[in-house]
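Colleague:
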Amino acid sequence: MKINLTKQSGIYTLTSEQILPISLEKAWNFFTLPTNLDKITPKEMDFRITNNPPNKTYKGQIITYKIGILPFIKSNWITEITHLEDHQFFVDEQRFGPYAMWHHEHHFEEAADGKVKMTDIVNFKMPFGILGDFFAGKFVRDKVKFIFESRYTILEKHFTS
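Residue numbering for the sequence shown follows UniProt numbering, beginning at 1 and increasing consecutively.
1. Can you give the Cα-Cα distance for Ile121 and Ile19, rounded to whole angstroms?
2. Could you spell out where the beta strand (DSSP E) holding Asp120 opens and where it closes?
3. At the level of alpha carbons, what is the spacing between Phe134 and Asp113?
4. So for Thr50, helix, strand or coil by DSSP?
5. Under 6 Å Cβ to Cβ from Gln94, same chain only, skipping five residues before and after it: list those, please.
6. Let me check understanding here. Comparing Cα to Cα, which of Asn4, Lys2, Tyr12 and Ile3 lies closest to Ala136?
7. By a C-beta neighbour count over all protein chains shown, 10 Å radius and 16 as the cutoff for buried, is Thr32 buried or exposed?
8. Nearest to Glu25 by CA position, among Arg151, Val144, Phe128 and His107, is which residue?
9. Quick one: residues in its chain with C-beta nearer than 8 Å to the C-beta of Phe159, no 5 flanking neighbours on either side, listed in chain order?
10. When the Cα of Ile49 is compared with those of Thr153, Leu14, Lys2 and Ile67, which residue comes out closest?
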(Lines of atoms letter the chains of each structure in order from A and count residues from 1; the text may use other names and numbers.)
(Lines give C-alpha, C1' and ligand atoms only; values in the text may rest on other atoms or scores of the structure.)
Protein backbone atom coordinates (compact mmCIF):
# COMPACT_ATOMS: atom_id res chain seq x y z
CA MET A 1 0.00 0.00 0.00
CA LYS A 2 1.24 3.45 -0.92
CA ILE A 3 -0.23 6.24 1.18
CA ASN A 4 1.05 9.77 1.58
CA LEU A 5 -0.33 12.70 3.55
CA THR A 6 0.98 16.24 3.17
CA LYS A 7 -0.14 19.75 4.08
CA GLN A 8 0.33 22.95 2.13
CA SER A 9 -1.41 26.31 2.54
CA GLY A 10 -3.81 24.84 5.10
CA ILE A 11 -4.95 22.06 2.73
CA TYR A 12 -4.21 18.42 3.53
CA THR A 13 -3.65 16.06 0.61
CA LEU A 14 -3.86 12.30 1.03
CA THR A 15 -2.79 10.11 -1.88
CA SER A 16 -3.41 6.37 -1.78
CA GLU A 17 -2.59 3.73 -4.41
CA GLN A 18 -3.73 0.13 -4.51
CA ILE A 19 -3.49 -2.64 -7.09
CA LEU A 20 -6.59 -4.81 -7.09
CA PRO A 21 -6.74 -8.31 -8.64
CA ILE A 22 -9.79 -7.43 -10.76
CA SER A 23 -10.42 -5.97 -14.19
CA LEU A 24 -10.97 -2.29 -14.85
CA GLU A 25 -14.58 -3.07 -15.73
CA LYS A 26 -15.22 -4.88 -12.43
CA ALA A 27 -13.50 -2.11 -10.43
CA TRP A 28 -15.50 0.61 -12.18
CA ASN A 29 -18.78 -1.22 -11.61
CA PHE A 30 -17.97 -1.78 -7.93
CA PHE A 31 -16.79 1.75 -7.09
CA THR A 32 -19.52 3.54 -9.02
CA LEU A 33 -22.25 1.72 -7.10
CA PRO A 34 -22.86 4.23 -4.28
CA THR A 35 -24.10 1.66 -1.77
CA ASN A 36 -20.70 -0.10 -1.88
CA LEU A 37 -19.30 2.85 0.08
CA ASP A 38 -20.93 1.29 3.16
CA LYS A 39 -18.95 -1.91 2.53
CA ILE A 40 -15.54 -0.22 2.33
CA THR A 41 -15.88 2.27 5.19
CA PRO A 42 -14.62 1.06 8.59
CA LYS A 43 -17.46 0.04 10.93
CA GLU A 44 -16.06 2.40 13.60
CA MET A 45 -17.14 5.35 11.46
CA ASP A 46 -20.82 4.37 11.85
CA PHE A 47 -21.31 5.45 8.24
CA ARG A 48 -24.58 5.16 6.37
CA ILE A 49 -26.13 6.60 3.25
CA THR A 50 -29.32 8.48 4.12
CA ASN A 51 -30.85 9.05 0.70
CA ASN A 52 -31.61 6.41 -1.90
CA PRO A 53 -29.08 6.89 -4.73
CA PRO A 54 -29.55 4.97 -7.97
CA ASN A 55 -27.30 2.01 -8.76
CA LYS A 56 -24.92 4.04 -10.90
CA THR A 57 -22.83 7.13 -10.21
CA TYR A 58 -23.38 10.09 -12.55
CA LYS A 59 -22.21 13.69 -12.82
CA GLY A 60 -24.36 15.96 -10.66
CA GLN A 61 -25.44 13.16 -8.34
CA ILE A 62 -26.05 14.16 -4.71
CA ILE A 63 -25.45 11.57 -1.99
CA THR A 64 -26.29 12.19 1.66
CA TYR A 65 -24.73 10.40 4.63
CA LYS A 66 -24.51 10.25 8.39
CA ILE A 67 -21.02 9.67 9.72
CA GLY A 68 -19.62 9.29 13.23
CA ILE A 69 -17.00 11.99 13.65
CA LEU A 70 -16.46 11.43 17.38
CA PRO A 71 -17.83 8.82 19.77
CA PHE A 72 -21.56 9.53 20.12
CA ILE A 73 -21.37 12.51 17.73
CA LYS A 74 -22.71 12.12 14.19
CA SER A 75 -22.56 14.58 11.35
CA ASN A 76 -24.60 14.96 8.20
CA TRP A 77 -22.50 14.92 5.06
CA ILE A 78 -23.64 15.81 1.56
CA THR A 79 -21.44 15.23 -1.49
CA GLU A 80 -21.89 15.85 -5.20
CA ILE A 81 -20.28 13.94 -8.05
CA THR A 82 -18.77 16.88 -9.95
CA HIS A 83 -16.70 15.13 -12.62
CA LEU A 84 -16.87 11.72 -14.25
CA GLU A 85 -14.99 10.15 -17.15
CA ASP A 86 -16.30 6.65 -17.81
CA HIS A 87 -13.86 3.93 -16.66
CA GLN A 88 -11.21 6.56 -15.79
CA PHE A 89 -12.16 8.70 -12.81
CA PHE A 90 -14.85 10.46 -10.83
CA VAL A 91 -14.76 13.24 -8.24
CA ASP A 92 -16.92 13.75 -5.19
CA GLU A 93 -16.97 17.12 -3.44
CA GLN A 94 -18.54 18.01 -0.12
CA ARG A 95 -21.45 20.42 -0.39
CA PHE A 96 -22.26 20.40 3.35
CA GLY A 97 -20.54 18.55 6.15
CA PRO A 98 -17.75 18.35 8.69
CA TYR A 99 -14.95 19.80 6.55
CA ALA A 100 -14.34 23.33 5.32
CA MET A 101 -13.42 21.63 2.03
CA TRP A 102 -13.43 18.03 0.73
CA HIS A 103 -12.43 17.10 -2.82
CA HIS A 104 -11.93 13.37 -3.53
CA GLU A 105 -10.65 12.08 -6.87
CA HIS A 106 -11.06 8.35 -7.64
CA HIS A 107 -8.78 7.24 -10.53
CA PHE A 108 -8.72 3.83 -12.22
CA GLU A 109 -6.29 2.44 -14.79
CA GLU A 110 -5.46 -0.96 -16.18
CA ALA A 111 -2.35 -2.55 -14.69
CA ALA A 112 -0.39 -5.66 -15.59
CA ASP A 113 -1.96 -9.11 -15.61
CA GLY A 114 -5.54 -7.87 -15.92
CA LYS A 115 -5.41 -6.01 -12.62
CA VAL A 116 -6.43 -2.43 -11.92
CA LYS A 117 -4.53 0.40 -10.25
CA MET A 118 -6.76 2.55 -8.11
CA THR A 119 -5.54 5.96 -6.96
CA ASP A 120 -7.38 8.17 -4.50
CA ILE A 121 -6.43 11.83 -4.11
CA VAL A 122 -8.21 13.60 -1.27
CA ASN A 123 -7.81 17.31 -0.58
CA PHE A 124 -9.43 18.52 2.61
CA LYS A 125 -9.38 21.52 4.92
CA MET A 126 -10.34 21.73 8.56
CA PRO A 127 -13.27 23.92 9.61
CA PHE A 128 -12.65 27.00 11.79
CA GLY A 129 -9.37 27.88 10.06
CA ILE A 130 -6.21 27.82 12.13
CA LEU A 131 -8.15 27.08 15.35
CA GLY A 132 -9.78 23.99 13.84
CA ASP A 133 -6.42 22.85 12.55
CA PHE A 134 -4.73 23.47 15.91
CA PHE A 135 -7.35 21.70 18.03
CA ALA A 136 -8.44 18.88 15.71
CA GLY A 137 -5.99 18.74 12.79
CA LYS A 138 -3.91 15.79 13.99
CA PHE A 139 -7.01 13.84 15.07
CA VAL A 140 -8.78 14.37 11.73
CA ARG A 141 -5.63 13.76 9.70
CA ASP A 142 -5.09 10.46 11.54
CA LYS A 143 -8.78 9.54 11.09
CA VAL A 144 -8.69 10.13 7.32
CA LYS A 145 -5.50 8.10 7.05
CA PHE A 146 -7.11 5.32 9.14
CA ILE A 147 -10.11 5.25 6.77
CA PHE A 148 -7.88 4.64 3.74
CA GLU A 149 -5.65 2.13 5.54
CA SER A 150 -8.80 0.23 6.58
CA ARG A 151 -10.23 0.51 3.08
CA TYR A 152 -7.05 -1.06 1.70
CA THR A 153 -7.47 -4.09 4.00
CA ILE A 154 -11.21 -4.37 3.36
CA LEU A 155 -10.68 -4.31 -0.43
CA GLU A 156 -7.86 -6.87 -0.26
CA LYS A 157 -10.13 -9.28 1.62
CA HIS A 158 -13.16 -8.55 -0.56
CA PHE A 159 -11.42 -9.14 -3.89
CA THR A 160 -9.15 -12.04 -2.94
CA SER A 161 -11.67 -14.25 -1.16
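Each residue gets a CB set at the ideal place from its N, CA and C atoms; glycine is no exception.
Bear in mind the structure is a predicted one, so any value in this text is a computation, not a measurement.
Modeller: If we stick to the structure as given:
1. Straight-line Cα distance between these residues: approximately 15 Å.
2. Segment Val116 to Lys125, the beta strand (DSSP E) holding Asp120.
3. Taking the straight line joining both Cα atoms gives about 45 Å.
4. In the three-state reduction of the DSSP assignment, Thr50 falls in the coil class.
5. Taken in chain order, the residues that qualify are Thr79 and Trp102.
6. Of Asn4, Lys2, Tyr12 and Ile3, the residue nearest in Cα terms is Tyr12.
7. Taking every protein chain shown into account, the CB of Thr32 has 16 or more other CB atoms within 10 angstroms, so this residue is buried.
8. Closest by alpha carbon: His107.
9. Cβ neighbours of Phe159 beyond the five flanking positions: Leu20, Pro21 and Ile22.
10. Answer by Cα proximity: Ile67.
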